[in-house]
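Asks:
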Amino acid sequence: MQNHGQFLEIRVANEIEPLLRRPISIYNIQGEIVEFVFQVKGKGTKILSDKKIGEEIDVLGPLGQGTFNFKDKKNIAIIGGGIGIFPLYELAKEAKKTAKINMYLGFRNKDFVVLEKEYKDVSDKFTLTTDDGSYGEKGFAINFLEKDLKNEKIDGIYACGPLPMLKAVQKLAKETNTPCQISLEERMGCGIGVCLGCAVKVNAGEETVYTHVCKAGPVFDSNVVQI
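Sequential numbering from 1 applies to the sequence shown in the numbering used here.
(1) Return the bridge partner residues of M103 from the DSSP annotation.
(2) Taking the C-alpha atoms as reference points, what is the distance between L163 and I157?
(3) Rounded to whole angstroms, what is the Cα-Cα separation between L88 and G133?
(4) Identify every residue that forms a DSSP beta bridge with K41.
(5) Report yes if the CB atom of S222 is closer than 8 angstroms to the CB atom of A173, and no otherwise.
(6) Around the Cβ of S25, are there at least 16 other Cβ atoms within 10 angstroms (buried) or fewer (exposed)?
(7) Between the region 139 to 147 and the region 66 to 74, do three or more beta carbon pairs fall short of 8 angstroms?
(8) Please report how far the alpha carbon of F36 lies from the alpha carbon of F112, in whole angstroms.
(9) Rounded C-beta distance between C241 and Q170? I'm assuming under 8 angstroms.
(10) On the CB-based measure, 16 or more other CB atoms within 10 Å of its CB, does Y27 come out buried or exposed?
(11) Nearest-angstrom Cα distance between Y135 and K120?
(12) For a test of the three-state rule: what should DSSP assign to E94, helix, strand or coil?
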C-alpha cells in the first residue's frame with residue numbers, strides 16, 4: 001500500500017445529514033490497523049468523535065495518487081503546522097529507515113500541542129514551536145527550518161499545514177534550490193474527482209492547468225503547484 005500522504009474519506013453518519021464524507025489523513029499503519037487523528041471542528045467531526053469502540057464506520061481509502069517520495073534522500077526536513085502534522089508521521093517513520101529526520105512542528109499555543117512524543121521518537125532532530133512561546137520554542141517552525149538549511153545539507157523538504165505556512169515553505173525551497181513536496185489540505189466531498197470541489201492550479205510546461213487535489217495529490221512538488 002502506498003500511504004505516505006494518502007487519505008481516507010469517512011462517512012460520519014448513517015443518516016442523510018451530513019451528506020458529504022470527511023477527508024482525513026492517514027496517520028499511522030500497523031499491520032492491518034490504520035490510524036487517523038482529527039480535530040473536532042464542526043458537526044461532522046463531532047459526530048465522528050462520538051463513535052464508540054467497536055462501532056463500524058464507512059471508510060473509502062486509501063485515496064490519492066500523489067504520495068511523498070523520499071527515495072535516495074539522506075537528510076530530510078519534515079515540517080508541519082497544526083492539524084497538518086498528522087500525515088507526516090507515517091512518512092517520518094518510513095523515511096527514518098534510510099535518512100536522517102529533521103522534524104519541525106508548529107502549533108498555535110500549548111493547548112494545541114499533540115503527539116509530541118510520537119513525533120520525537122521518529123526524529124533525529126526535533127523542534128517544536130508555538131506562536132506565543134507558551135511551549136517549546138517561540139515563533140514559527142519555518143524560521144528554525146530556514147536556519148538549519150543554512151547550516152547543513154538538507155536534500156529534501158516535506159510539508160503539510162496551513163496555507164500561509166505552505167506558501168512560505170514553497171518560497172524557501174525555491175530560494176535555496178531544495179527539492180520540496182507539499183501536501184494540500186482541501187475540502188473534498190467525494191475524494192475521487194467527481195464533485196470537482198478541490199481544484200488547484202499546476203504548471204504544465206508553459207501553461208497553467210487545473211487538476212484536483214484528491215486525484216493528482218494531495219502531495220505535489222512545490223515547483224509545480226500554485227498555492
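Glycine included, every Cβ here is placed at the ideal spot set by N, Cα and C.
Replies: From the atom records:
(1) Its beta-bridge partners are I78, F126.
(2) Going by the C-alpha atoms only, they are around 16 angstroms apart.
(3) Each residue's CA atom was taken as its position, placing L88 and G133 some 23 angstroms apart.
(4) DSSP lists no partner for K41.
(5) For S222 and A173, yes; Cβs fall inside 8 angstroms.
(6) Burial call: buried.
(7) Too few Cβ pairs lie closer than 8 angstroms, so no.
(8) Roughly 17 angstroms separates the two Cα atoms.
(9) Since the first and last residues shown for the chain are 1 and 227, residue 241 lies out of range.
(10) Within a 10 Å sphere around the beta-carbon of Y27 sit 16 or more other beta-carbons, which makes this residue buried.
(11) Their Cα atoms are separated by approximately 15 angstroms.
(12) The DSSP-derived three-state label of E94 is helix.
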